[in-house]
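A.B. asks: For the record, in the sequence shown the residue sitting at position 143 is 145 according to my numbering, with numbers rising by one throughout.
Idealized CB from N, CA, C, for every residue including glycine.
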Amino acid sequence: MKVRTRFAPSPTGYLHLGGARTALFAWLYARHHQGDFILRIEDTDRERSTDESVQAILDGMQWLGLDYDEGPFYQTQRMDRYKEVIQQLLDNDQAYYCYCSKEELDALREEQMKNKEKPRYDGRYRDFTGTPPEGVDPVIRFKNPLEGDVTFNDLVKGEISVSNTELDDLIIARSDGTPTYNFTVVIDDLDMEISHVIRGDDHVNNTPRQINIFKALDAPIPEFAHLPMILGEDGQRLSKRHGAVSVMQYPEQGYLPEALLNYLVRLGWSHGDQELFSQEEMIRLFALEDVNRAPSSFNTEKSIWINEQYIKNMPATELAERVAPKLDYLTEEGPELEAVVDALRDRCKTLNDFVDAARYFYVDPDEYNEKAKKKAFGENTSDIFTHLSGKLDSITEWKSELLGAAVKETAADNDVGMGKVGMPLRVALTGNTSSPDIGITLELIGKSAVLKRLQQVQNYL
Ligand code: GLU
């Protein structure tokens with residue numbers, strides 16, 4: 003049987019990390035087995051579903067590179083099909099109209115609570131043949147089996163068994179005729195020939211009910227895998243309070259999609275001690291047996307560490323392409339961005355870090371940092387700069403080795419340590435005290451800009 007998995011978000015908010023992790027695991031499982039991955043938008047809740055949210059889900063999936071083979075399917079476009087199956091269940095006496103009013107249900111619940119019973123619908127209209135009460139728009143309930151157990155082998159959690167006496171007759175259509183989640187999901191998983199339902203474990207209690215509907219329809223039952231939840235650093239369920247939880251906040255914060263994907267795969271899945279996985283490796287190694295049963299915790303520091311590793315290891319051309327859209331100061335005359343990001347990558351953890359770090363390669367500093375000035379500029383700085391400018395001016399082959407050597411010579415000629423030349427030079431060039439190797443920094447900034455900045459600092463001193 004071909005493996006077919008799906009991601010079935012409800013478009014009631016952005017794509018959050020938990021959703022993205024669910025999508026990733028379903029996607030990995032399909033890709034690992036050369037199967038299909040399907041996107042289905044569960045938008046039957048018209049009040050809470052929005053087009054923006056659909057778009058946010060599509061954008062998030064695209065940014066992460068979670069491509070789907072079929073879909074997006076929209077449940078709102080499948081209403082006729084749901085109605086058809088509901089009718090079929092009614093015709094086969096597997097479902098029935100329930101005329102209980104809200105008051106009646108409330109009274110029932112109260113009674114049960116009073117008797118310390120679990121509140122549940124008591125099936126009073128299950129075999130009803132009389133005249134329906136007036137003025138009540140009935141709901142339609144599924145005839146859940148009265149006896150026996152529902153048992154399934156969850157591919158993450160192991161065997162789960164629930165007695166049918168625990169399950170009441172589920173509403174499959176509301177009084178306005180719209181089908182409910184537990185029903186539509188079954189029809190969709192059936193029609194879309196889903197072989198493995200991989201989803202968050204907030205749905206694990208729905209699964210026995212869904213299995214009963216599959217059985218009533220004489221349909222093959224998919225395998226189920228429920229993924230443990232993701233907690234925030236404080237041990238609470240991950241939510242907005244924990245910072246960036248919408249996937250689309252991550253590109254804004256300078257994350258690389260491959261890094262976030264790598265981070266997500268490790269939220270609940272492991273392969274020995276390995277932390278970094280290329281996409282090809284994730285696909286090759288991913289197995290549901292290696293999904294942890296316990297919840298995992300989100301850790302911002304670690305997500306940044308992973309991002310940093312990707313920045314370190316990415317080919318410079320590609321890194322430059324990713325950084326470029328973030329920089330609004332690039333100029334034709336400035337150095338090749340590729341060389342600049344290569345020189346800076348060890349100092350940057352996110353793409354956003356490049357915005358400040360790369361600025362002085364393109365823009366003259368318009369001020370010198372107070373502390374840096376105090377530390378770097380001394381009495382003889384001006385003389386040293388004069389000397390250095392002369393030396394640099396005479397260099398025709400503007401290459402880092404020669405430039406680095408010129409700085410050293412200047413120090414020696416003036417009988418001072420390197421710190422008395424290198425540090426003030428950095429401040430003059432960058433406005434602050436840190437930059438990559440001084441020779442490389444000089445080479446990249448370029449001769450005319452370097453001489454101009456030395457002139458500028460002389461005027462200032
Ligand atoms: N639409 C459901 C949700 O967003 C998921 C349903 C499922 O995966 O079965 O929670």
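When you measure from the CB of Ser12 to every non-hydrogen atom of the ligand GLU, does any distance come out below 6 Å?
C.D. replies: Your numbering for residue 12 matches position 10 in the sequence shown. Ser12 Cβ: within cutoff of the ligand GLU.
A.B. asks: Quick one: what's got a C-beta closer than 6 Å to Leu287's C-beta in the same chain, skipping five residues either side?
C.D. replies: Residue 287 sits at position 285 when you count from the first residue of the sequence shown. Its chain contains His273 as the residues whose beta carbon lies nearer than 6 Å to that of Leu287, once the 5 sequence neighbours on both sides are disregarded; these appear in chain order.
A.B. asks: In this structure, how does DSSP classify Tyr370 when only helix, strand and coil are distinguished?
C.D. replies: Within the sequence shown, the letter at position 368 stands for residue 370. The answer is coil: DSSP assigns Tyr370 none of H, G, I, E or B.
A.B. asks: What's the C-alpha gap between Leu390 and Val459?
C.D. replies: Translated into positions along the sequence shown, residue 390 becomes position 388. Translated into positions along the sequence shown, residue 459 becomes position 457. Roughly 13 Å between the two C-alpha positions.
A.B. asks: Helix, strand or coil, according to DSSP, for Ile43 in the structure here?
C.D. replies: Reading the sequence shown from its first residue, position 41 is the one you call residue 43. Three-state result, Ile43: strand.
A.B. asks: If you measure from the CB of Val187, is any heavy atom of the ligand GLU nearer than 6 Å?
C.D. replies: Here residue 187 refers to the residue found at position 185 of the sequence shown. Yes; taking the cut-off as 6 Å, the Cβ of Val187 has a heavy atom of the ligand GLU nearer than that.
A.B. asks: Measuring straight from C-alpha to C-alpha, what distance separates Tyr312 and Asp355?
C.D. replies: Locating residue 312 in the sequence shown gives position 310, counting from the first residue. Locating residue 355 in the sequence shown gives position 353, counting from the first residue. So the alpha carbons of these two residues sit roughly 14 Å apart.
A.B. asks: Nearer than 6 Å: is that true of the beta carbon of Glu44 relative to any heavy atom of the ligand GLU?
C.D. replies: Taking the first residue of the sequence shown as 1, we reach residue 44 at position 42. Glu44: yes, Cβ under 6 Å from the ligand GLU.
A.B. asks: Please find out if some non-hydrogen atom of the ligand GLU comes closer than 6 Å to the beta-carbon of Arg201.
C.D. replies: Position 199 of the sequence shown holds residue 201. Relative to the ligand GLU, Arg201 has its C-beta within less than 6 Å of a heavy atom.
A.B. asks: Does the Cβ-Cβ distance between Val164 and Pro224 come in under 7 Å?
C.D. replies: Counted from its first residue, the sequence shown places residue 164 at position 162. Counted from its first residue, the sequence shown places residue 224 at position 222. Cβ atoms of Val164 and Pro224: not closer than 7 Å.
A.B. asks: Helix or strand or just coil, what does DSSP make of Asp178?
C.D. replies: The residue given as residue 178 occupies position 176 in the sequence shown. Reduced to three states, the DSSP call for Asp178 is coil.
A.B. asks: Is Ala359 closer than 7 Å to Met425 when the C-beta atoms are compared?
C.D. replies: Within the sequence shown, residue 425 is the residue found at index 423, counting from 1. Within the sequence shown, residue 359 is the residue found at index 357, counting from 1. No. Outside cutoff.
A.B. asks: Under a CB-based cut-off of 7 Å, is Glu113 close to chain C?
C.D. replies: Any reference to chain C falls outside this structure, which holds one protein chain only.
A.B. asks: For Cys100, list the residues DSSP reports as bridge partners.
C.D. replies: Residue mapping note: residue 100 aligns to position 98 of the sequence shown, counting from 1. DSSP lists Val141 as partners of Cys100.
A.B. asks: Return the CA-CA distance between Pro466 and Thr52, expressed in angstroms with no decimal places.
C.D. replies: The first residue shown for the chain is 3 and the last is 463, placing residue 466 beyond what the model contains.
A.B. asks: Ends of the beta strand (DSSP E) at Met171?
C.D. replies: Taking the first residue of the sequence shown as 1, we reach residue 171 at position 169. The sequence shown places Asp at residue 171, rather than the Met named in the question. Counting along the chain, Asp171 falls outside any beta strand (DSSP E), and DSSP gives it neither H nor E.
A.B. asks: Taking Cβ to Cβ, would you say Ile40 is nearer than 7 Å to Arg80?
C.D. replies: Walking along the sequence shown from the start, residue 40 turns up at place 38. Walking along the sequence shown from the start, residue 80 turns up at place 78. The answer is no: Cβ separation not under 7 Å.
A.B. asks: My understanding is that Tyr98 touches Arg143, with C-beta atoms under 8 Å, so please give their C-beta distance in whole angstroms.
C.D. replies: Reading the sequence shown from its first residue, position 96 is the one you call residue 98. Reading the sequence shown from its first residue, position 141 is the one you call residue 143. The Cβ separation is near 6 Å, so the contact holds.
A.B. asks: How would you label Leu263, buried or exposed, when you count the other beta carbons within 10 angstroms and need 16 or more for buried?
C.D. replies: Numbered from 1 along the sequence shown, position 261 holds the residue referred to as residue 263. With 16 or more Cβ atoms within 10 Å of its Cβ, Leu263 is classed as buried.
A.B. asks: Is DSSP giving Glu154 helix, strand or coil here?
C.D. replies: As a working note, residue 154 is residue 152 in the sequence shown. Note that residue 154 is Phe in the sequence shown, not Glu. Here Phe154 sits in strand by DSSP.
A.B. asks: Report the partner residues of Phe9 according to the DSSP bridge assignment.
C.D. replies: Start at 1 with the first residue of the sequence shown, and residue 9 comes out as number 7. Leu41.
A.B. asks: Based on DSSP bridge pairs, tell me the residues matched to Gln227.
C.D. replies: Here residue 227 refers to the residue found at position 225 when the sequence shown is read from its first residue. Checking the sequence shown, residue 227 turns out to be Ala, not Gln. Bridge partners of Ala227: Ile200.
A.B. asks: Give the C-beta separation of Leu463 and Thr383 to the nearest angstrom, bearing in mind that I take them to be a contact with Cβ-Cβ under 8 Å.
C.D. replies: Looking up residue 463 in the sequence shown gives position 461. Looking up residue 383 in the sequence shown gives position 381. Confirmed, Cβ separation roughly 6 Å.
A.B. asks: Which class does Trp271 belong to by DSSP, given the choice of helix, strand or coil?
C.D. replies: As a working mapping, residue 271 is identified with position 269 in the sequence shown. The answer is strand: DSSP assigns Trp271 an E or B state.
A.B. asks: How about the region 16-25 and the region 241-256: do they share at least three Cβ pairs that are nearer than 8 Å?
C.D. replies: yes
A.B. asks: Take Ile196 as the anchor and find which of Met115, Met231 and Val5 has the nearest alpha-carbon.
C.D. replies: Numbered from its first residue, the sequence shown carries residue 196 at position 194. Of Met115, Met231 and Val5, the residue nearest in Cα terms is Val5.
A.B. asks: Suppose the cutoff is 8 Å on Cβ atoms and the five residues either side in sequence are ignored; what does the same chain contact list for Ile440 look like?
C.D. replies: Reading the sequence shown from its first residue, position 438 is the one you call residue 440. Cβ neighbours of Ile440 beyond the five flanking positions: Leu405, Gly406, Val409, Gly424, Leu427 and Arg428.
A.B. asks: Within a Cβ cutoff of 6 Å, which residues of the same chain sit near Gln96, ignoring the five residues on either side of it in sequence?
C.D. replies: In the sequence shown, counting from the first residue as 1, residue 96 sits at position 94. So the qualifying residues of the chain are Lys145 and Ala218.
A.B. asks: In three-state terms, what does DSSP make of Pro74?
C.D. replies: As a first step, residue 74 is located in the sequence shown; it is residue number 72 there, counting from the start. DSSP places Pro74 in strand when its eight states are reduced to three.
A.B. asks: Cα-Cα, which of Thr133, Gly132 and Asn207 is closest to Leu169?
C.D. replies: Within the sequence shown, the letter at position 167 stands for residue 169. Of Thr133, Gly132 and Asn207, the residue nearest in Cα terms is Asn207.
A.B. asks: What are the partner residues of Leu233, as DSSP defines its beta bridges?
C.D. replies: For the purposes of this step, residue 233 is identified with residue 231 of the sequence shown, where counting begins at 1. According to DSSP, Leu233 bridges with Arg239 and Ser299.
A.B. asks: Have a look at Asn309, Arg176, Arg455 and Ala326 and flag the residue whose alpha-carbon is nearest the alpha-carbon of Tyr84.
C.D. replies: Position 82 of the sequence shown, counted from the first residue, corresponds to residue 84. Answer by Cα proximity: Arg176.
A.B. asks: Could you check the C-alpha separation between Leu26 and His244 for me, to the nearest Å?
C.D. replies: By 1-based counting over the sequence shown, the position of residue 26 is 24. By 1-based counting over the sequence shown, the position of residue 244 is 242. Cα-Cα distance, rounded: 21 Å.
A.B. asks: Under the assumption that Ser298 contacts Gly270 (Cβ atoms under 8 Å), give the Cβ distance between them as a whole number of angstroms.
C.D. replies: Stepping through the sequence shown from its first residue, residue 298 is reached at position 296. Stepping through the sequence shown from its first residue, residue 270 is reached at position 268. Yes, they are in contact, since the Cβ atoms of Ser298 and Gly270 sit about 4 Å apart, within 8 Å.
A.B. asks: If you measure between the beta carbons of Leu68 and Met284, is that distance less than 7 Å?
C.D. replies: Here residue 68 is taken as the residue at index 66 of the sequence shown, counted from 1. Here residue 284 is taken as the residue at index 282 of the sequence shown, counted from 1. Going by beta carbons, Leu68 and Met284 fall outside the 7 Å limit.
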